[in-house]
Structures are given as C-alpha cells and as structure tokens.
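Trainee:
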Amino acid sequence: MNTKAIIHLSKLDHNLNAIDRRLKPGVRRMAVVKDDAYGHGLIPLSKHIQQRVEWLCVAHALEGKQLREAGITIPILVFEAPLEETASLYTDFNLTATLNEIDTLKVLLPGSEYQINIDTGMHRLGVLPGAVSKLVEEIPKYENLTCTGIYTHYFKADDPGNPEVKQQLELFKAARAQFPSEWMTHTANTGGIFHYGNLDLQFDAVRPGVCLYGFGAGEVDVPDLEPIMDIKSFLMQVKPVRKGEPVSYGGKWIASEDGFIGIIPTGYSDGIPRILTNSIKLKIGEKLYDQVGVISMDYTIVFLGSDQYPIGTEVYLLKGKELTATDWAKVAHTIPYEITTSIRERVKKIYL
Ligand SMILES: *Cc1c(COP(=O)(O)O)cnc(C)c1O
Numbered sequence: 005m006n007t008k009a010i011i012h013l014s015k016l017d018h019n020l021n022a023i024d025r026r027l028k029p030g031v032r033r034m035a036v037v038k039d040d041a042y043g044h045g046l047i048p049l050s051k052h053i054q055q056r057v058e059w060l061c062v063a064h065a066l067e068g069k070q071l072r073e074a075g076i077t078i079p080i081l082v083f084e085a086p087l088e089e090t091a092s093l094y095t096d097f098n099l100t101a102t103l104n105e106i107d108t109l110k111v112l113l114p115g116s117e118y119q120i121n122i123d124t125g126m127h128r129l130g131v132l133p134g135a136v137s138k139l140v141e142e143i144p145k146y147e148n149l150t151c152t153g154i155y156t157h158y159f160k161a162d163d164p165g166n167p168e169v170k171q172q173l174e175l176f177k178a179a180r181a182q183f184p185s186e187w188m189t190h191t192a193n194t195g196g197i198f199h200y201g202n203l204d205l206q207f208d209a210v211r212p213g214v215c216l217y218g219f220g221a222g223e224v225d226v227p228d229l230e231p232i233m234d235i236k237s238f239l240m241q242v243k244p245v246r247k248g249e250p251v252s253y254g255g256k257w258i259a260s261e262d263g264f265i266g267i268i269p270t271g272y273s274d275g276i277p278r279i280l281t282n283s284i285k286l287k288i289g290e291k292l293y294d295q296v297g298v299i300s301m302d303y304t305i306v307f308l309g310s311d312q313y314p315i316g317t318e319v320y321l322l323k324g325k326e327l328t329a330t331d332w333a334k335v336a337h338t339i340p341y342e343i344t345t346s347i348r349e350r351v352k353k354i355y356l
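The sequence shown maps to residues 5 to 356 in the numbering used here.
(1) Could you tell me which residues DSSP puts in a beta bridge with residue 119?
(2) Report the rounded CA-to-CA distance for residue 235 versus residue 69, giving the unit in angstroms.
(3) Might you give, ordered along the chain, the residues of its own chain that have their beta carbon closer than 8 Å to the beta carbon of residue 59, omitting 5 neighbours on each side?
(4) Nearest to residue 135 by CA position, among 192, 105 and 144, is which residue?
(5) Can you confirm whether the stretch 239-247 touches the stretch 19-30 when touching is taken to mean that 3 or more C-beta pairs between the two stretches lie within less than 8 Å?
(6) From residue 293 to residue 287, what does the alpha carbon distance come to, in whole angstroms?
(7) Any idea if residue 155 is buried or exposed, counting beta-carbon neighbours within 10 angstroms, 16 or more meaning buried?
(8) To the nearest whole angstrom, what separates the beta carbons of residue 266 and residue 313, a pair I think is in contact under 8 Å?
(9) What number of angstroms, rounded off, separates the C-alpha of residue 107 from the C-alpha of residue 138?
(10) What does the alpha-carbon distance come out to for the pair residue 194 and residue 213?
(11) Figure out for me which residue from 143, 6 and 15 has the closest Cα to the Cα of residue 323.
(12) Can you tell me where the beta strand (DSSP E) with residue 325 in it begins and where it stops?
(13) Which of the three DSSP states, helix, strand or coil, is assigned to residue 286?
(14) Does the Cβ-Cβ distance between residue 296 and residue 268 come in under 8 Å?
(15) Please report the distance separating the alpha-carbon of residue 248 from that of residue 301.
(16) Taking the beta strand (DSSP E) that residue 63 belongs to, which residues open and close that run?
(17) Using three-state DSSP, classify residue 198 as helix, strand or coil.
(18) So, for residue 162: in the same chain, excluding its five sequence neighbours on each side, which residues have a beta-carbon less than 6 Å away from its beta-carbon?
(19) Quick test of your reading: residue 48 and residue 341, contact by CB under 8 Å. State the CB separation rounded to the nearest angstrom.
(20) In three-state terms, what does DSSP make of residue 278?
(21) Can you name, in chain order, every residue of its own chain whose Cβ lies under 7 Å from the Cβ of residue 330, other than the five neighbours on each side?
(22) Apart from the five residues on each side of it in sequence, which residues of its chain come closer than 7 Å, Cβ to Cβ, to residue 88?
(23) Helix, strand or coil for residue 345 per DSSP?
(24) Could you check the C-alpha separation between residue 348 and residue 304 for me, to the nearest Å?
(25) Assuming contact is defined by CB atoms lying nearer than 8 Å, are residue 370 and residue 101 in contact in what I supplied?
(26) Can you pull the DSSP bridge partners for residue 210?
(27) Please report the straight-line C-alpha distance between residue 145 and residue 92, rounded to a whole angstrom.
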C-alpha cells in the first residue's frame, strides 16, 4: 500500500470536450504538457490526448525528446529559447523551436523548423515588437531554416474583461501583419479560451494548459471543467486522543474533545504543502474530516471524532470537484498549477 495519484483519463476527455465547445470551427488544439503534464505524467497524458489534439507544447527540448522516444509522432512546439547545447535536439527529434530573439537564427541547425514568439507585454521570453522589422529583414538570410508559425502569450487572460488582453492582441496583430500570412497563428491559453470568447483571438490554434487538467485560469470558476487527479492514501495507524492532548510537531493542534486520530503516510515530501496544516479536509467513505496537526515530511494526521476505522482504510486528500487543488491553492496562497506540479514522483500514478 502507498499513496497514489489516480488520474482519470475520462475526465481529461471531458475537459477536452469543454475546450472544443468554445472553439470556432477548424481551430486546432496545441495541448500544453510541460512540466510532466502539470504533474500528471508527460507520457501517459500525451499518449492519451494525441488522438484528439493536433500539437503538443513543452517548455524544454528534452521533454520533446522524451515524447519522441515514447513514440509520439504529432508535431511538438518547444517554448524555451534554443541554446547551442540543445540545438541538435530540434533536428534529431523533429521538434519545432521557438524563436524568442533574432540571434536564435544563428543557433538553430540547418533543417530546423521554428515559430516566432512575439512579446506583446508579458515581458518574459519573446521578440519585442520594436525588433520585428529587423527580424523580417534577417529571416530570408537563413534559407535552411523554416518558420511555420507565430504566436504570443497573454499575461492577464486569467482575468475576464481585462483591457490589457485586448491591447496585447492589437500589438500582436500589428506585428503579425509584417510576416507571411500562411504561417500558423496562435495566442490563447486557458484564460484566452474560457474568458475571452468575445475577442477574436483563436486564430488557427489555441494552447490549452491547466484547463486540460481540470482548472480554470484565475478566480472565475469554469463549471464544465473537472480536476482529473485524485490523491488517495490510507490509515496506517488509528489511535485514541484525549481532550487537551497535542498532535504532531509543536503541538499546533490540541484535541478539543476525546476521539480518534488517523495517521496517513503522506506528507510534504510527497508534495502536500506543509502550509495546509489544520486547514484542509480529507474524505473517508462519504464523510469529510479535518486534517489536524502539522503536516510532517512523511505523515499527515486526520481527526476522526468518535469514528473508528480499521488500518488500511482509504483516505482521499484530493477528490474530483469535492476536494480540489484549488482549495489547497487558496490556503497556500498559490495557484492549482503549483499544487499539481509539486506532487512528487514517488506518489505512484494510476491511470483509469
Ligand atoms: C504554459 C503556457 C501555456 C498554457 O497556459 P495555461 O494557463 O496553463 O493554459 C500556453 N502558452 C505558453 C507560451 C505557456 O508558457
């Protein structure tokens, strides 16, 4: 027995349907599977969705290599800037590079394909609009490189109706107009897809990330998305606790009544944030219980009140829409992206 992450591939399909419902006819899907598919497992997730999406996107060329070595053949876009030490991965593994600055033209090996990232306001990677005309002059000098697309990334699309999304879109369109019209064009992340149906920002393709895994971007709930990962552990020990007795390091929880506590063998070393201490619920059968006492490296404790369960009883830490990474993220002052990507390798993943 151990702590498991149960990944529901049927819910991934459900989330893909939710994306499809928002897409204009013919818009392609570039599924973002960076960082181990947001902690859900790069290869199994990608194998499952490759039938339903046209592209995969990763942060690092090495992730692209892993996908190819697993037999995935659909196009793969890599977001990071190619460097001398990674340049051969693009040609060896048929990966599409991103040109984030003009000098990338000198780094890419003959035969490479790339797409251009225009930095329209995110101020992370990407070519600044002011450098576009220079880039337009340089591109024809590199005849053995092929550009197939152009894109940008929104920094406030998680916030519906934010005027800066429209400003970025306008800046992007102006830059876009200076390049050949047949290049594939894409801008929308999860926020763009779900919160900006009113703007014409789908172009040829969209880049859904966190919505695949069941979360909307930002505060606004998207009811037709469903988290695909549950985390399940079990009661390793059950023991009585008396009113007034402290539990776990520092005695940060003191029993207010007599009852039972259950010790669950999972903790912050599995990626359960310690800051969730005394703030989350756990589910046993149909009942919710309070997590109590400091979450330690390998153990989390639940207060069972007067209920007694046998050793080995299943306990859910995350479960569908009832116990979510969004709940955890609120307590931990972060976003569900960081919660799911923090679940560690040693939590065994089971795909249903
Ligand atoms: C991560 C990322 C995405 C996906 O963003 P989500 O908010 O998870 O949908 C899309 N495009 C780029 C460039 C990214 O880095």
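Where is the CB? At the ideal position from N, CA and C, for every residue including glycine.
Every value quoted in this text rests on a predicted model; they were computed, and no experiment measured them.
Mentor: Let me spell this out:
(1) Looking at the DSSP output, residue 119 sits in a beta bridge with 102 and 153.
(2) The alpha-carbon atoms of residue 235 and residue 69 are separated by roughly 29 Å.
(3) 32, 33, 34, 35, 78, 79, 80, 81 and 209
(4) 105
(5) no
(6) It is roughly 6 Å from the alpha-carbon of residue 293 to the alpha-carbon of residue 287.
(7) Buried, because 16 or more other Cβ atoms sit within 10 Å of the Cβ of residue 155.
(8) 7 Å
(9) 11 Å
(10) Take the alpha-carbon of residue 194 and the one of residue 213: they are about 6 Å apart.
(11) 15
(12) Taken as a continuous stretch (DSSP letters only), residue 325 belongs to no beta strand (DSSP E), as it is neither H nor E.
(13) strand
(14) no
(15) Residue 248 and residue 301: Cα-Cα distance of roughly 24 Å.
(16) Segment: none, residue 63 is in no beta strand (DSSP E) and carries neither H nor E.
(17) helix
(18) Result list for residue 162: 195, 221 and 222, in chain order.
(19) Not really, about 19 Å apart at Cβ, beyond 8 Å.
(20) helix
(21) Only residues of its own chain outside the window of five on either side were considered, and among them 219 and 340 have a CB closer than 7 Å to the CB of residue 330, listed in chain order.
(22) Hits under 7 Å: 111.
(23) helix
(24) A straight line joining the alpha-carbon of residue 348 with that of residue 304 spans about 16 Å.
(25) Because residue 370 is not part of the residues shown, which for the chain are 5 to 356, the question remains open.
(26) 33 and 192
(27) 20 Å
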